[in-house]
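**Q** To start, I am sharing the structure in question, which I have written as structure tokens.
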Amino acid sequence: MKDKFSSAVADTKLLFRSIPPVVTALFTLSVVMMNILANKTVFQNDIIAIDGGIFVSWLSFLCMDIVTKAFGPRASTKLSVFAMLTNLFACLVFYLVSIIPTKDDFSAFNTVIGGTWFILLSSTVAFISSAVINNFLNWGIGLLFFKKQNEKLEFVTRSYISTFIAQFFDNLIFALLAFTVFAPIYWNGFHWTLIQCVTCSLLGAGLELLMEIVFSPIGYCVLKGWEKDGVGNEYNKRRAKS
Numbered sequence: 091m092k093d094k095f096s097s098a099v100a101d102t103k104l105l106f107r108s109i110p111p112v113v114t115a116l117f118t119l120s121v122v123m124m125n126i127l128a129n130k131t132v133f134q135n136d137i138i139a140i141d142g143g144i145f146v147s148w149l150s151f152l153c154m155d156i157v158t159k160a161f162g163p164r165a166s167t168k169l170s171v172f173a174m175l176t177n178l179f180a181c182l183v184f185y186l187v188s189i190i191p192t193k194d195d196f197s198a199f200n201t202v203i204g205g206t207w208f209i210l211l212s213s214t215v216a217f218i219s220s221a222v223i224n225n226f227l228n229w230g231i232g233l234l235f236f237k238k239q240n241e242k243l244e245f246v247t248r249s250y251i252s253t254f255i256a257q258f259f260d261n262l263i264f265a266l267l268a269f270t271v272f273a274p275i276y277w278n279g280f281h282w283t284l285i286q287c288v289t290c291s292l293l294g295a296g297l298e299l300l301m302e303i304v305f306s307p308i309g310y311c312v313l314k315g316w317e318k319d320g321v322g323n324e325y326n327k328r329r330a331k332s
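The number in my numbering is simply the position in the sequence shown, starting from 1, with 90 added.
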């Protein structure tokens, strides 16, 4: 047991040394931003409701797709857990700052930066669930392609399918928890209907897929650059032996 734990720790250390820090930073930043932006419903009618997190969630999934292709689904999931823990730490700091008494009125700032506990809980559950779905679905689709058969087709197929499905579940889990379970209790009856949750999830997944289509060429170029520079070779050699 001790040897397995030591091996897992060594594996994780090597992984975070291997993933380029820009990707780790962008991914973590997008997760923190999603949590803050999710507090605002930017559009709502009888059928559709959309929260602000939709504007950055595509970046999280693009980063996960790149890391999954280069390092494997477990590596991408470890990165997701790291981003989740960073987000929780950021939320703790935001909350502590928001409750510090001040002479001037910072109520608006405190409301935004302090966040809402059930939004954080809902987004955390939704994010980690969708991350696992995305990473292993992306990896599984990749197994259907012969190695080096058509790398670009493989990358976009993996990315588009896994992103749409995982984003749908990310949006749905968050919407159901935040706006049908908790919001009616803690936000004076404010809520989304089940139809709004489903349509929001579908529309959000569609919009995020569109973003993925627009930016996936950049992701593919990043991957080819990593291959050329030998990024992740040491980690993947270790992974192949285990």
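Cβ atoms here follow ideal geometry from the backbone N, Cα and C, with glycine treated the same way. Treat the numbers as computed from the prediction; the structure is a model and nothing was measured.
Is Ser-252 near Ile-223, with beta carbons less than 9 Å apart?
**A** Numbered from its first residue, the sequence shown carries residue 252 at position 162. Numbered from its first residue, the sequence shown carries residue 223 at position 133. Yes, they are a contact pair.
**Q** Note down, one range per segment and in chain order, each alpha helix (DSSP H) of at least 4 residues found wholly within the stretch 128–201.
**A** You should have 144–161 and 163–188.
**Q** Along the chain, where does the alpha helix (DSSP H) that runs through Pro-274 open and close?
**A** Here residue 274 refers to the residue found at position 184 when the sequence shown is read from its first residue. 273–276 is the extent of the alpha helix (DSSP H) around Pro-274.
**Q** What is the rounded straight-line gap between the Cα of Ala-180 and the Cα of Arg-328?
**A** Taking the sequence shown and counting its residues from 1, the one referred to as residue 180 is at position 90. Taking the sequence shown and counting its residues from 1, the one referred to as residue 328 is at position 238. Distance between the alpha carbons of Ala-180 and Arg-328 is about 33 Å.
**Q** Any heavy atom of the ligand FAD within a distance shorter than 8 Å of the CB on Phe-258?
**A** Here there are no bound small molecules, and the ligand FAD is not part of this structure.
**Q** Check whether the Cβ atoms of Thr-114 and Phe-161 sit closer than 9 Å, and answer yes or no.
**A** The residue labelled residue 114 in the question sits at position 24 within the sequence shown. The residue labelled residue 161 in the question sits at position 71 within the sequence shown. Taking 9 Å as the Cβ cut-off, Thr-114 and Phe-161 do not qualify as a contacting pair.
**Q** What's the gap between the Cα of Thr-158 and the Cα of Ala-165?
**A** To locate residue 158, count along the sequence shown from 1; it is residue 68. To locate residue 165, count along the sequence shown from 1; it is residue 75. Whole-angstrom Cα-Cα distance: 7 Å.
**Q** Mind checking whether Phe-264 and Ala-128 have CB atoms under 9 Å apart?
**A** By 1-based counting over the sequence shown, the position of residue 264 is 174. By 1-based counting over the sequence shown, the position of residue 128 is 38. Cβ atoms of Phe-264 and Ala-128: closer than 9 Å.
**Q** Using only CA atoms, which one of Val-122, Thr-131 and Lys-130 lies nearest to Ser-147?
**A** Position 57 of the sequence shown, counting from 1, holds the residue named residue 147. Nearest option by C-alpha distance: Val-122.
**Q** Would you mind sorting Asp-141 into buried or exposed? The rule is 16 or more other CB atoms within 10 Å of its CB.
**A** The sequence position of residue 141 within the sequence shown is 51, counting from 1. Classification for Asp-141: buried.
**Q** Using only CA atoms, which one of Ser-306, Leu-243, Thr-131 and Leu-182 lies nearest to Ala-273?
**A** Taking the first residue of the sequence shown as position 1, residue 273 is located at position 183. Of Ser-306, Leu-243, Thr-131 and Leu-182, the residue nearest in Cα terms is Thr-131.
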